[in-house]
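According to the working numbering, the sequence shown is numbered sequentially starting from 35. C-beta: ideal position from N, C-alpha, C; glycine also.
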Amino acid sequence: MNVPFLDLKAQLPLIRSEIEERFSRIIANTAFVCGREVKEFEETFADMHQAEHAVGLSSGTDGNHMALVCSGIGAGDEVILPANTFIATAEPISYVGATPVFVDVDESTYNIDVDKIEEKITPRTKAINPVHLFGQPADLDPILEIAKKHNLLVIEDAAQAHFAEYKDKKVGGVGDLASWSFYPGKNLGAWGEAGAITTNNEEIHQRAKVLRDHGSAKKYYHDVIGFNYRMSEFQAAVLNVKMMHIQKWTEQRRANAALYDSRLEGIEQIKTPNALDHVKHVYHLYVIRAAKRNDLQSYLKENGIGAGMHYPIPLHLTEAYAYLGHKKGDFPVAERLADEILSLPMYPELSEEHIDYVCKKIEDFITL
Ligand SMILES: *Cc1c(COP(=O)(O)O)cnc(C)c1O
Numbered sequence: 035m036n037v038p039f040l041d042l043k044a045q046l047p048l049i050r051s052e053i054e055e056r057f058s059r060i061i062a063n064t065a066f067v068c069g070r071e072v073k074e075f076e077e078t079f080a081d082m083h084q085a086e087h088a089v090g091l092s093s094g095t096d097g098n099h100m101a102l103v104c105s106g107i108g109a110g111d112e113v114i115l116p117a118n119t120f121i122a123t124a125e126p127i128s129y130v131g132a133t134p135v136f137v138d139v140d141e142s143t144y145n146i147d148v149d150k151i152e153e154k155i156t157p158r159t160k161a162i163n164p165v166h167l168f169g170q171p172a173d174l175d176p177i178l179e180i181a182k183k184h185n186l187l188v189i190e191d192a193a194q195a196h197f198a199e200y201k202d203k204k205v206g207g208v209g210d211l212a213s214w215s216f217y218p219g220k221n222l223g224a225w226g227e228a229g230a231i232t233t234n235n236e237e238i239h240q241r242a243k244v245l246r247d248h249g250s251a252k253k254y255y256h257d258v259i260g261f262n263y264r265m266s267e268f269q270a271a272v273l274n275v276k277m278m279h280i281q282k283w284t285e286q287r288r289a290n291a292a293l294y295d296s297r298l299e300g301i302e303q304i305k306t307p308n309a310l311d312h313v314k315h316v317y318h319l320y321v322i323r324a325a326k327r328n329d330l331q332s333y334l335k336e337n338g339i340g341a342g343m344h345y346p347i348p349l350h351l352t353e354a355y356a357y358l359g360h361k362k363g364d365f366p367v368a369e370r371l372a373d374e375i376l377s378l379p380m381y382p383e384l385s386e387e388h389i390d391y392v393c394k395k396i397e398d399f400i401t402l
């Protein structure tokens, strides 16, 4: 049996013809950027996340950058983020001339350790940038409390957490701003690059719309220096069609995770993900921990199973951030995770047979 890590072809039959119809309409109208599809996307996406506003952008990385610029964060400022995340959380902090300040992650949720945030706050700190890693919301209440106490903004990196919930509220409308990615492999994925921010703040909403289009509210009248972060009509069309199915797909992911949990429960050498009681985890990735991780990954590969590492090197030890002067041992939990984590195949259409096969092969490996 072959179980790929991700199978984007599996959902094509359900959505392809409607997307092609929308593509034809876009082509006939020759309106390719920020038109009616983007408007529909922004309204639907904001609504589905219980946020007041969404602004469609060209990628999730641009979303993080936009969130920082809209928040007035710049040279000399500091932004707090987890040490274990995709580099696109940190890069935009560098783009604006601010310093990424890493915090270790929680051993059981893999998210930012809320007990270690306050010790990193200095007079230069402007924002906390939690990541809802693998689809599990960061523990937002204590984060909001710390932010309030120290007068900081909370920018959610929600790139992996579409339709996830924190205490019965969708993420993306909880902090001051949230950034989203619609990279093809994300839970809600475009057929190319796309991203967004959501916010409940009308001023930030207006600022983001102007900034994404060269700082102009009126064509060729540039109020500020902006960017070209406009969203493609084709990508918005894909997202609009997919949003009609996303609730079902999200539940399928959760059901697949529950199957993995039950099949792997008895295996002592494997640690399954721990979802907090008060969150709805949407399993962008299903990440286990295993002591002989590299050997297990190779064994699964030999047996036709794709498994990944998210992420093999924590950001404080990555070459790009060597200038911050961190060393091994600075964030022990993130470092331990990097050596043990393995992401198993996860997508809505994964079948019970697939999951049984993957779990059987993990058992075989353990008893080798
Ligand atoms: C994917 C991702 C991003 C960046 O999104 P792109 O659309 O690829 O630019 C940012 N943060 C996290 C946590 C991600 O997983």
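(message) My output table needs one value for P176: the three-state DSSP class, helix, strand or coil.
(response) helix
Residue from Q84, E55, D149, G94 whose Cα sits closest to the Cα of P116
D149
Local conformation of D398 per DSSP, three classes: helix
| task | Sort A289, V37, H312 by Cα distance to E199 and report the nearest one. | result | Comparing Cα-Cα distances from E199 to each of A289, V37, H312, the minimum goes to H312.
Legend entry - Close-in-space but distant-in-sequence residues of the same chain around A324 (CB under 7 Å, 5 per side omitted): Q303, I304, L330, E374, L376
- Message: Give the list of continuous alpha helix (DSSP H) stretches no shorter than 4 residues that lie fully inside the segment 260-340.
- Response: 267-276, 280-298, 327-336
Alpha helix (DSSP H) runs wholly inside the segment 70-114, at least 4 long, in chain order: 70-82, 94-104
DSSP on D147, reduced to helix/strand/coil?
coil
- request: Look at A242 and I231 and say whether their C-beta atoms are less than 8 Å apart.
  value: yes
Open item on the list: So the candidates are K395, S266, L349; which of them puts its Cα closest to the Cα of C68?
Closed with: It is S266 whose Cα lies nearest to the Cα of C68.
Compute the minimum distance between the beta carbon of G260 and the heavy atoms of ligand 1, and state whether it is under 7 Å.
no
message = For ligand 1, I want to know if V205 counts as a neighbour, meaning its beta carbon is within less than 7 Å of at least one of the ligand's heavy atoms.
response = no
query = Excluding the five sequence neighbours on either side, which residues of its own chain have a C-beta within less than 7 Å of the C-beta of L48, listed in chain order?
reply = Contacts found: H279.
For ligand 1, I want to know if F39 counts as a neighbour, meaning its beta carbon is within less than 7 Å of at least one of the ligand's heavy atoms. no
ask   = Does DSSP put E190 in a helix, in a strand, or in coil?
value = strand
Contiguous beta strand (DSSP E) assignments of at least 3 residues, all confined to the segment 337-383: Assignment of beta strand (DSSP E) within the segment 337-383, counting only whole runs of 3 or more residues, yields 375-378 in chain order.
Can you find the residues in the same chain that come closer than 7 Å, C-beta to C-beta, to L334, ignoring five residues on each side of it along the sequence?
A341, K395, listed in sequence order.
Grab me the residues of P218's own chain with a C-beta within less than 7 Å of its C-beta, minus the 5 sequence neighbours each way, in chain order. L42, A224, W225
>> Taking the beta carbon of G94 as the centre, do at least 16 other beta carbons fall within 10 Å, making it buried, or is it exposed?
In response: By the 10 Å Cβ count, G94 comes out buried.
Check whether the Cβ of V165 sits closer than 7 Å to any heavy atom of ligand 1, and report yes or no.
yes
| request: Could you give the DSSP three-state label for K201: helix, strand or coil? | output: coil
What does the alpha-carbon distance come out to for the pair H196 and P157? 33 Å
Checklist line | Contact under 8 Å by Cβ, S105 with L186 | finding: no
8 Å Cβ cutoff met for G207 and A372
no
Would the segment 270-284 count as touching the segment 44-59 if we require 3 or more Cβ pairs under 8 Å? yes
- Item | Three-state secondary structure (DSSP) of L211 | strand
Next on the checklist: Looking only at its chain, what residues have a beta carbon closer than 7 Å to the beta carbon of V392, apart from the 5 residues adjacent to it on each side?
Outcome noted: When the five nearest sequence neighbours on each side are left out, the beta carbons in the same chain lying within less than 7 Å of the beta carbon of V392 are those of V37, I339, L378, P379, in order along the chain.
S250 lies in the beta strand (DSSP E); which residues open and close that run?
S250 -> beta strand (DSSP E) spans 250-252.
**Request:** Evaluate L273 with the Cβ neighbour count: other Cβ atoms within 10 Å of its Cβ, from every protein chain shown; 16 or more gives buried, anything less gives exposed.
**Result:** Classification for L273: buried.
Under 8 Å by Cβ, that's how I've got D191 and T143 pegged, so tell me the actual separation to the nearest angstrom.
-> In fact, because the Cβ distance is near 15 Å, the residues do not count as touching under 8 Å.
Query - Cβ-Cβ separation, I146 to V137 (assumed contact under 8 Å), whole Å - result: Distance from V137 to I146 at the Cβ level is roughly 5 Å; contact confirmed, criterion being Cβ atoms closer than 8 Å.
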